[in-house]
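Some notes on the structure that comes next.
Residue numbers (mature numbering (1 follows the signal peptide of the UniProt record, and there is no 0)): -21 to -1, 1 to 436.
Here you go:
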């Protein structure tokens, strides 16, 4: 049975000031709250958003991407126009949300943009730090403050519990019960290491357990439950936010992983075994330049072995791959020339699945036998000299990324040797309007007119 009181550390729950709830921070030294100032911080939890910026009155502050925060700053108390700015498809500033809000004296306001980017909401979490500062003024006390906010649109309500890191769930107490758009009442706790547990509201069936979280400073902290785009079926993740830009992500220890295999061997259909001390996955008869569907597994260290599908000759033996909780990765099997001849190798790359409204993230990985390549994104009327977007210095087995506006492009890969430019690969026009994240692999392929191919995974 869960305890009603935390064993081994003190807890104090207190009422919030203002509109919605209460929030926090994290520095290596104590923070003094002025009796005449107000403090503001901003976190972006809006799914599929561009970088967004908080604007108070006529001043626009730094922009932050999804699941990121700007640092806490001092502002003038009183009623102010609070606005959140974003970008449209033409990269022009647009107003996403605007409201006149009373910024209260001696109060922290932690604003969280959440909901769909097309019509977001703004959560105004505000609190006084007076009681926390009062307790920390006593020489024998070291206190912090903690709350949880729920910003994951499609996630159910959760009961959040907290316990010392060296204790079990049986020793935990409830931090708060939150559904979408809710914020718990903050609690004052001893500083130290804790674990946070989430269970569906009204139950103690824990489905989300964090690793140990260090709440070491005598300040408030905020836990933000948000959408996740990793391998977990729950599609949620938990961030802790301090008063700086230091946003820490705490994935569930229960989260699964997702992984797939790309076969970069031109001359072999392959069987790929991915084995840990708990489980084994087999990807059978993967064709040259083919990619498998994703498989799920528990997090672990895995050994990857590769066999020729027909002869079962072992091409690669037990190469180590690590798959952590919530990871989505591709395992690449490729061939690399050495002084002793060609050698089969394997490498892993983490895949991103975060949505974006007007752009896509492009990852390029090369297994070609050329270095210092340049990849160009060409609009219908572009040449390589007029192309706006390009990736330079592409080298074997060294992934590179670029964020590119959605649209139609042809792709051209150019090598420069002794001052002479050579086309390594050129595609037809490709439609990237409905893409958020794209991975392409450049391979040596004697069957093509260029001698190379570019495979979209």
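Every residue gets a Cβ at the ideal spot worked out from N, C-alpha and C, and that includes glycine.
(message) So, at 8 Å on beta carbons, what are the nonlocal neighbours of residue 248 in its own chain, with the 5 sequence-adjacent residues on each side left out?
(response) 242, 264, 265, 266, 267, 287, 288 and 289
(request) Determine the DSSP secondary structure at residue 114, reduced to helix, strand or coil. (result) helix
(request) Please report how far the alpha carbon of residue 182 lies from the alpha carbon of residue 162, in whole angstroms. (result) If you draw a straight line from the Cα of residue 182 to the Cα of residue 162, it is about 19 Å long.
(request) Kindly indicate which three-state DSSP category residue 287 falls into: helix, strand or coil? (result) strand
(message) Quick test of your reading: residue 187 and residue 233, contact by CB under 8 Å. State the CB separation rounded to the nearest angstrom.
(response) 7 Å
(request) Could you tell me which residues DSSP pairs with residue 239 in its beta bridges? (result) BP columns for residue 239 point to 309.
(request) Would you mind working out which of 146, 196 and 369 sits nearest residue 174, comparing C-alpha positions? (result) 146
(message) What does the Cβ neighbour count give for residue 429, buried or exposed, with the cut at 16 atoms within 10 Å?
(response) exposed
(request) Note down, in chain order, each residue of its chain lying with its Cβ closer than 8 Å to the Cβ of residue 275, except the 5 sequence neighbours on either side. (result) 210, 235, 236 and 237
(request) Write down the C-beta distance between residue 414 and residue 385 rounded to the nearest angstrom, noting that I regard them as a contact closer than 8 Å. (result) Between residue 414 and residue 385 a beta carbon distance of about 7 Å is seen, short of the 8 Å cut, so the two are scored as contacting.
(request) Taking the CB atoms as reference points, tell me whether residue 189 and residue 168 lie closer together than 8 Å. (result) no
(request) Please confirm if residue 382 has its CB atom under 8 Å from at least one CB of chain C. (result) Of the chains in the structure shown, none is chain C; there is only one protein chain.
(request) Would you tell me roughly how many angstroms separate the C-alpha atoms of residue 405 and residue 424, rounded to the nearest one? (result) Cα to Cα, the separation comes out at about 14 Å.
(message) Suppose the cutoff is 7 Å on Cβ atoms and the five residues either side in sequence are ignored; what does the same chain contact list for residue 53 look like?
(response) 16 and 18
(request) Give the straight-line distance between the Cα atoms of residue 284 and residue 231, rounded to the nearest whole angstrom. (result) For the pair residue 284 and residue 231, the Cα-to-Cα distance works out to about 29 Å.
(request) Pull up the distance between the alpha-carbon of residue 91 and that of residue 114, whole angstroms please. (result) 28 Å
(request) Determine the closest residue to residue 204 out of 132, 258 and 32, with distance taken between C-alpha atoms. (result) Measuring C-alpha to C-alpha distances from residue 204 to each of 132, 258 and 32 identifies 132 as the nearest.
(request) Answer with buried or exposed for residue 142, where buried requires no fewer than 16 other C-beta atoms within 10 angstroms of its C-beta. (result) buried
(request) Grab me the residues of residue 306's own chain with a C-beta within less than 8 Å of its C-beta, minus the 5 sequence neighbours each way, in chain order. (result) 209, 210, 236, 237, 238, 278 and 329
(request) From the DSSP output, read off the bridge partner residues of residue 277. (result) 235
(request) Look at the Cβ atom of residue 376, then the Cβ atom of residue 309, and state whether they are nearer than 8 Å. (result) no
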